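Novice: Numbering (the numbering used here), first residue to last: 12 to 547. Glycine included, C-beta positions come from ideal geometry on N, C-alpha and C. Values in this document were obtained by computation on a predicted structure and should not be read as measured data.
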Amino acid sequence: MRIIPRFSVYFLICFFLVACSSVTNPEEQNPPQVKNVILIIGDGMGPQQVGLLLSYARQAPHSVLPTRTTAFDRLLEHGRLGLSLTHAANALVTDSAASASQLATGYPAGAEMIGLDEFGNARENIVETAQRLGKMTGLVSDTRITHATPAAFAAHQSHRSLENEIAEDLLHTGPDVLFSGGLNNWLPQQANDKKSAIYRQLSSLIGSGIGFSSQRKDDKNLLELAQKQGYTLAFTKRQMQQAQDKTLGLFAASAMQNGIVETQSKNNPERTEPTLAEMAASALDILSKNNRGFFLMIEGGQIDWAGHKNDTGLLLHEMLRFNAMLEQVLDWAKKRDDTLIIVTADHETGGFGFSYSAHDIPAPRALPGAFFADKVLFKPSFNFGNPETLDKLYAQKMSYTDIFTHFDALPKNQQTPSRLAEWVNQNTAFAISETQAEKILATESNPLYRKGHPLFGAKRIPKMAVNSSFFVYQSDNRENLLAQAVATSQQAVWSTGTHTSTPVYLFVQGPKPSLKAFSKILHHTDVGRLAIEALQ
Ligand code: MG
Ligand code: ZN
12 MRIIPRFSVY
22 FLICFFLVAC
32 SSVTNPEEQN
42 PPQVKNVILI
52 IGDGMGPQQV
62 GLLLSYARQA
72 PHSVLPTRTT
82 AFDRLLEHGR
92 LGLSLTHAAN
102 ALVTDSAASA
112 SQLATGYPAG
122 AEMIGLDEFG
132 NARENIVETA
142 QRLGKMTGLV
152 SDTRITHATP
162 AAFAAHQSHR
172 SLENEIAEDL
182 LHTGPDVLFS
192 GGLNNWLPQQ
202 ANDKKSAIYR
212 QLSSLIGSGI
222 GFSSQRKDDK
232 NLLELAQKQG
242 YTLAFTKRQM
252 QQAQDKTLGL
262 FAASAMQNGI
272 VETQSKNNPE
282 RTEPTLAEMA
292 ASALDILSKN
302 NRGFFLMIEG
312 GQIDWAGHKN
322 DTGLLLHEML
332 RFNAMLEQVL
342 DWAKKRDDTL
352 IIVTADHETG
362 GFGFSYSAHD
372 IPAPRALPGA
382 FFADKVLFKP
392 SFNFGNPETL
402 DKLYAQKMSY
412 TDIFTHFDAL
422 PKNQQTPSRL
432 AEWVNQNTAF
442 AISETQAEKI
452 LATESNPLYR
462 KGHPLFGAKR
472 IPKMAVNSSF
482 FVYQSDNREN
492 LLAQAVATSQ
502 QAVWSTGTHT
512 STPVYLFVQG
522 PKPSLKAFSK
532 ILHHTDVGRL
542 AIEALQ
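Laid out in structure tokens, this is it:
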């Protein structure tokens, strides 16, 4: 007798609580959980690189983005923004390997290490954590799959240059999706003998689209091992798009195409190399089949390469390629509330920015406003930059690297300043004179010479006017000198050929409770830890 009324009171109270809370706030009652984490890294994409895309979208007279908004605008409609410091352990600046290791493991890492902590010990990375949780995993990059950024998410090596070993590690860890370039590190060295059976076998497997040559120092055929492990192999866009589950997609011998080439070939029906957006879409198709969720890392890796070369037009195309990929991911995520999307950079590259100058100061002009009546002219003291510059940057037809590759292929006696100027002026909207070309081709005895050093081993190098210690990829210095020659006409300055310590943006979108922790000033080890925690 006494039990029944007490029972009914409890029942009433419970009913009341449930009813009230479901009326007032269903999310608090049943907050959406993070099932999937997508970490998107723009390599070298500091605030200034994002800013270039935003300036282009908003201000270019003929912007190719019709709404004049970007995927970043879209992210912040429902998402949040944070800032993150990127420095490697005991250092001011980071490289991509340490930065990606910190994001992948949540531990401080030393420069140039892959998947290790600052003392040199392997730490579990987020791919391994996700696998432990029964989730699927994927890595996508428009560089090559053994390059530092993707490598740090599934490999453990003392140095980023150990790409053959990294390929074996990737296979050992076995993410379900691996889409990038870098086929050469997966082929046995006998493949370089064009008379060998293995060369013929690989040629028919890979097809004619990729001219490969093994980078390995052993006879391991990692493609065969991958197949034994259950991977479907893909070497073309179509093969990738037909893939159903575990897939190793290697679409270029080394690096994939750059952003300008991607723009130019996007609508070519003959194209076999997938775009970054297409790789992201196929990865999401495969990974979203798992009802326990997934972790996916997508890298726009050549933003950094444009930054190292100080190639502003290429940088714009790389940012547009990143934007197209991000739109694709946001389309996929549109009707979901189970996916945390984190968009960040591993560091800034190049110290880029538009800047006002004393060059070509515009003529004074009349303005209709009251304060400029009576013959007062609008007459700024400097050139604050013409937005038409943005269209001219977009019009670049060839990357600086490709310009010099073409130049170097000329017979020696034709490698003259006038030929260089001609070639630059045909392929960019920022003309250089023969005198400027002469300066770009001038060399000096290497002030940083170190015998046998892979980067500083040349006796003569292009002559840098200032800060030559910061232009460490000495064989590329002509590209940086070209950037200096067009700086005033591009209204663009670059401060270095390497990375800077500028804090980078964190754009996050996903289930509300998971976002707040990112909307702060963090370090990339925090970001890594938060991403790992969100998965569990
Ligand atoms: Mg990278
Ligand atoms: Zn870099």
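#1: Given a cut-off of 7 Å on the beta-carbon distance, is the pair A163 and L181 in contact?
#2: Under 6 Å Cβ to Cβ from L436, same chain only, skipping five residues before and after it: list those, please.
#3: Helix, strand or coil: how does DSSP classify Q502 here?
#4: DSSP three-state call for Q447: helix, strand or coil?
#5: For S225, which residues of its own chain have a beta-carbon under 7 Å away from its beta-carbon, when the five flanking residues on both sides are left out?
#6: Per DSSP, which residues does R91 bridge with? Please list them.
#7: Would you mind listing the alpha helix (DSSP H) stretches within the segment 229-294 that are 4+ residues and don't spill past its ends, in chain order?
#8: Looking at C-alpha atoms only, which residue of D487, A344 and F482 is the closest neighbour of Y411?
#9: For R376, write down the residues that DSSP places opposite it in a beta bridge.
#10: Going by beta carbon distance, what residues of the same chain come within less than 8 Å of G222, once the five residues before and after it are set aside?
#11: Quick one: give me the first and last residue of the beta strand (DSSP E) that P473 is part of.
#12: In the DSSP assignment, find the beta strand (DSSP E) that holds R155 and state where it starts and stops.
#13: Compare the Cα-Cα distances from A374 to each of T105, M308, F389 and S500 and report the closest residue.
#14: Suppose you measure from the CA of K346 to the CA of V61; what does that come to, to the nearest Å?
#15: Given the structure, does D54 come close to ligand 1, in the sense that its CB is under 6 Å from one of the ligand's heavy atoms?
#16: Near E179, what residues of its chain come up, given a Cβ to Cβ distance below 6 Å and the 5 sequence neighbours on each side ignored?
#17: Using DSSP's beta-bridge definition, name the partner residues of I51.
#18: Given that a residue counts as buried once 16 or more other Cβ atoms are within 10 Å of its Cβ, and exposed if not, what is T78?
#19: According to DSSP, simplified to helix, strand and coil, what is L533?
#20: Among A432, K300, I177 and S152, which residue has its Cα nearest to the Cα of G126?
#21: Quick check on F27: does DSSP put it in helix, strand or coil?
#22: What are the residues that DSSP puts in a beta bridge with V188?
#23: Which residues mark the beginning and the end of the beta strand (DSSP E) in which T574 is found?
#24: Taking C-beta to C-beta, are R540 and G90 nearer than 7 Å?
#25: Pull up the distance between the alpha-carbon of P119 and that of A237, whole angstroms please.
#26: Start and end of the beta strand (DSSP E) containing G117?
#27: Could you give the distance in angstroms between the alpha-carbon of E449 and the alpha-carbon of I472?
#28: When burial is assigned at 16 or more other CB atoms within 10 Å of the CB, is S479 buried or exposed?
#29: In whole angstroms, what separates the C-alpha of I51 from that of A288?
#30: Inspect the beta-carbon positions of T160 and A99 and report whether they are closer than 7 Å.
#31: What residue does the alpha helix (DSSP H) around G324 start on, and which one ends it?
#32: From E123 to V188, what does the alpha carbon distance come to, in whole angstroms?
#33: How about G5: is its Cβ closer than 6 Å to a heavy atom in ligand 1?
#34: Taking the alpha-carbon positions, what's the S366 to S215 distance?
#35: At what residues does the beta strand (DSSP E) containing F363 begin and finish?
#36: Just curious, the alpha helix (DSSP H) that L466 is in, first and last residue?
Specialist: Straight from the coordinates:
#1: Not a contact, by the Cβ cut-off of 7 Å.
#2: According to the sequence displayed, residue 436 carries Asn and not Leu. Closer than 6 Å at Cβ, skipping near neighbours: A442.
#3: Of the three classes helix, strand and coil, the one that applies to Q502 here is coil, per DSSP.
#4: helix
#5: N195, L198, P199, Q200, A202 and N203
#6: Paired residues: V519.
#7: 233-239, 248-253 and 270-276
#8: For Y411, the nearest C-alpha among the options comes from D487.
#9: F389, per the DSSP bridge assignment.
#10: A264
#11: Per DSSP, P473 belongs to the beta strand (DSSP E) from R471 to P473.
#12: M147 to R155
#13: F389
#14: 26 Å
#15: yes
#16: So no residue of the chain qualifies.
#17: I309 and V354
#18: Around the beta carbon of T78, a 10 Å sphere encloses fewer than 16 other beta carbons of the protein chains shown; the residue is thus reported as exposed.
#19: strand
#20: Considering only alpha carbons, the answer is I177.
#21: Summary for F27: the model assigns pLDDT 48, below 50, so the residue's position carries little reliability, and this model does not support an answer.
#22: G149 and T258
#23: Because the chain here runs from 12 to 547, residue 574 falls outside it and cannot be looked at.
#24: no
#25: 31 Å
#26: Careful: G117 lies outside any beta strand (DSSP E) and carries neither H nor E.
#27: 14 Å
#28: buried
#29: 12 Å
#30: no
#31: T323 to A344
#32: E123 and V188 have their C-alpha atoms some 25 Å from each other.
#33: Residue 5 lies beyond the range of the chain shown here (12 to 547); nothing can be said about it.
#34: 52 Å
#35: F363 to F365
#36: L466 -> no alpha helix (DSSP H), and no H or E assigned at all.
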